[in-house]
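Undergrad: Residue numbering for the sequence shown is 1 to 374, as defined by full-length UniProt numbering.
Okay, handing you the structure first.
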Amino acid sequence: MSLNTGQTLTVSGQDLTRISSSSSSSSTSRAPGEDARTGFKPSTRKPKPPKPENAITIAVSSRVLFNMEKEQQIYQQEGMEDYIKYQVEHETEPFSPGPAFSFVKALEAVNTRLRELYPESEELFDVVLMTNNHAYVGLRLINTINHHQLFIERFCMTGGNSPIGYLKAYHTNLYLSADPGKVREALEEGIAAATMFTPEKITEVSETQLRVAFDGDAVLFSDESERIYKAHGLDKFFEHEKAYENKPLDHGPLKGFLEALGKLQKKFYGKGQRMDCPIRTYLVTARSAASSGTRALKTLRSWGLEIDEALFLAGAPKGPMLEKIRPHIFFDDQMFHVEGAAEMGTVACHVPYGIAQRVTKKGIMDKEISSAAE
1 MSLNTGQTLT VSGQDLTRIS SSSSSSSTSR APGEDARTGF KPSTRKPKPP
51 KPENAITIAV SSRVLFNMEK EQQIYQQEGM EDYIKYQVEH ETEPFSPGPA
101 FSFVKALEAV NTRLRELYPE SEELFDVVLM TNNHAYVGLR LINTINHHQL
151 FIERFCMTGG NSPIGYLKAY HTNLYLSADP GKVREALEEG IAAATMFTPE
201 KITEVSETQL RVAFDGDAVL FSDESERIYK AHGLDKFFEH EKAYENKPLD
251 HGPLKGFLEA LGKLQKKFYG KGQRMDCPIR TYLVTARSAA SSGTRALKTL
301 RSWGLEIDEA LFLAGAPKGP MLEKIRPHIF FDDQMFHVEG AAEMGTVACH
351 VPYGIAQRVT KKGIMDKEIS SAAE
């Protein structure tokens with residue numbers, strides 16, 4: 001696999017909406033408790049979007065929602081004016097799905113179930129398209145959203161300026177981008193954020209159950225323990241975790257997003273649908289269960305948070321486990337694990353937080369990319 005400096009792992013441009021019913025109904029495609037529903041089918045009458053202060057807001061850039069690799073190349077090679085001209089000339093041609101597409105579709109499937117159970121509630125996912133694209137490009141984006149029958153009513157097009165300043169105004173719970181510089185800027189503002197990459201071939205995922213997988217240290221938790229390991233080695237790390245197993249870890253950058261997912265899960269539990277919940281969460285960590293897993297689980301319990309499945313891999317590769325889980329999205333702070341997940345077809349996101357940053361197994365450093373098509 002080659003790591004494109006435009007922050008994609010070779011975008012495939014495949015249509016993720018064409019998922020065979022046989023795959024989605026198989027045991028490897030459906031997690032425990034998931035039914036055989038046919039999936040989200042948009043109504044001809046669009047529901048009203050929730051108020052931002054009540055919703056769980058997911059901000060996505062246009063370059064992770066759609067495949068804009070060709071347009072990105074035009075911008076980088078020919079400049080802004082030719083880029084805008086090309087977009088206008090092709091504004092009736094929809095973009096193909098990008099790495100965040102199936103994730104957004106799964107959010108909409110959860111909303112459909114929530115509206116069935118709580119018709120008046122505004123505790124829903126709300127997707128905001130957050131882009132620094134020129135407004136002229138907006139028509140093509142709108143046409144694409146309508147073509148794919150996505151329910152996205154909120155746009156933020158900043159005409160070349162960074163959109164980060166608007167994230168707090170939208171009460172953003174999670175920001176996904178292909179630009180690592182913008183992601184770091186969002187994290188510095190206290191907003192959960194990650195750089196999203198695309199596998200060469202994306203694994204088919206469930207259309208009826210949102211699956212989100214998290215690393216532990218420097219993602220859900222702080223990097224306190226990881227710093228001990230980096231500075232003093234594995235034995236000292238185990239000693240430290242044993243000594244402090246009853247002291248909860250500080251929160252990491254994505255703790256709030258897990259909390260938001262748990263809040264919606266409880267709405268389903270309250271209606272007797274724990275075993276049929278359309279949200280499932282996973283902890284996929286390099287920690288070992290016996291030596292350092294206790295502190296991780298006790299930390300989650302102290303926060304009042306549940307995780308549906310916990311996989312303690314004791315240093316084993318995460319990719320094969322993720323291939324079985326088939327999450328819509330996986331978060332990790334180390335590019336080594338992000339690349340390993342992508343090699344197995346998982347849409348993986350890098351959280352640039354903590355001590356283990358930048359250097360990948362291919363020796364490529366994280367670097368900021370100028371992006372008009374972001």
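Glycine residues also receive a C-beta, built at the ideal position from the N, C-alpha and C atoms.
Here the structure is a predicted model, which is why all the values come from computation and not from measurement.
Using only CA atoms, which one of Val219, Tyr244, Pro47 and Ser96 lies nearest to residue 379?
TA: In the structure as shown, the chain starts at 1 and stops at 374, and residue 379 therefore has no counterpart that could be examined.
Undergrad: Check whether the Cβ atoms of Phe103 and Ala213 sit closer than 8 Å, and answer yes or no.
TA: no
Undergrad: Compute the distance between the beta-carbons of Val110 and Pro278, then report whether it is under 8 Å.
TA: yes
Undergrad: Give the single residue among Glu108, Leu313 and Lys230 whose Cα lies nearest to the Cα of Pro47.
TA: Glu108
Undergrad: Would Asp215 be called buried (16 or more neighbouring beta carbons within 10 Å of its own) or exposed?
TA: buried
Undergrad: Below 8 Å between beta carbons: does that hold for Leu313 and Ala286?
TA: yes
Undergrad: Helix, strand or coil for Ile355, going by three-state DSSP, please let me know.
TA: coil
Undergrad: Helix, strand or coil for Ser206 per DSSP?
TA: coil
Undergrad: Assign Ser121 to buried or exposed, taking buried as 16 or more other Cβ atoms, counted over all protein chains shown, within 10 Å of its Cβ.
TA: Exposed, since its Cβ has fewer than 16 Cβ neighbours within 10 Å.
Undergrad: Hey, out of Asp217, Thr198 and Lys105, whose CA is closest to Glu343's CA?
TA: Thr198
Undergrad: In terms of alpha-carbon separation, which member of Tyr229, Asp332, Gly345 and Val60 lies closest to Asp179?
TA: Val60
Undergrad: Would you please state the rounded distance, in angstroms, between the beta carbons of Gly340 and Gly319? I believe it to be under 8 Å.
TA: 4 Å
Undergrad: Which residues does DSSP pair with Phe125 in a beta bridge?
TA: Ile56
Undergrad: Among Glu185, Lys263, Ala135 and His171, which one has its Cα closest to the Cα of Gln87?
TA: Nearest neighbour of Gln87 by Cα position, chosen from Glu185, Lys263, Ala135 and His171, turns out to be Ala135.
Undergrad: Looking at C-alpha atoms only, which residue of Gln334, Met335, Gln72 and Glu323 is the closest neighbour of Val211?
TA: In the sequence as presented, Val is not what sits at residue 211; that position holds Arg. Just measuring C-alpha positions, the residue of Gln334, Met335, Gln72 and Glu323 sitting nearest Arg211 is Glu323.
Undergrad: Per DSSP, which one or two residues make a beta bridge with Val284?
TA: Within the DSSP secondary-structure output, Val284 pairs in a beta bridge with Leu311.
Undergrad: CB-CB under 7 Å to Pro317, same chain, minus the five flanking residues each way: which ones, in chain order?
TA: Gly340
Undergrad: Please name the residue in Asn143, Gly138 and Thr131 whose C-alpha comes closest to that of Thr158.
TA: Thr131
Undergrad: Ends of the beta strand (DSSP E) at His350?
TA: Ala348 to His350
Undergrad: Tell me which same chain residues have a C-beta within less than 6 Å of the C-beta of His337, skipping the five on either side of it?
TA: Taking C-beta separations shorter than 6 Å and ignoring five residues to either side along the sequence, the partners of His337 in its chain run Lys318, following chain order.
Undergrad: Can you tell which of Pro50, Arg295 and Ile74 has the C-alpha that lies nearest to the C-alpha of Leu114?
TA: Pro50
Undergrad: What is the residue span of the beta strand (DSSP E) that Ile145 lies within?
TA: Where Ile145 is concerned, there is no enclosing beta strand (DSSP E), although the alpha helix (DSSP H) it sits in stretches over Ala135 to His147.
Undergrad: To the nearest angstrom, how far is it from the Cα of Tyr75 to the Cα of Glu69?
TA: 10 Å
Undergrad: Measuring alpha carbon to alpha carbon, tell me which of Thr294, Ser225 and Pro94 ends up nearest Leu150.
TA: Pro94
Undergrad: From Ala193, Glu189 and Tyr166, pick the residue whose C-alpha is nearest to that of Leu174; which is it?
TA: Ala193
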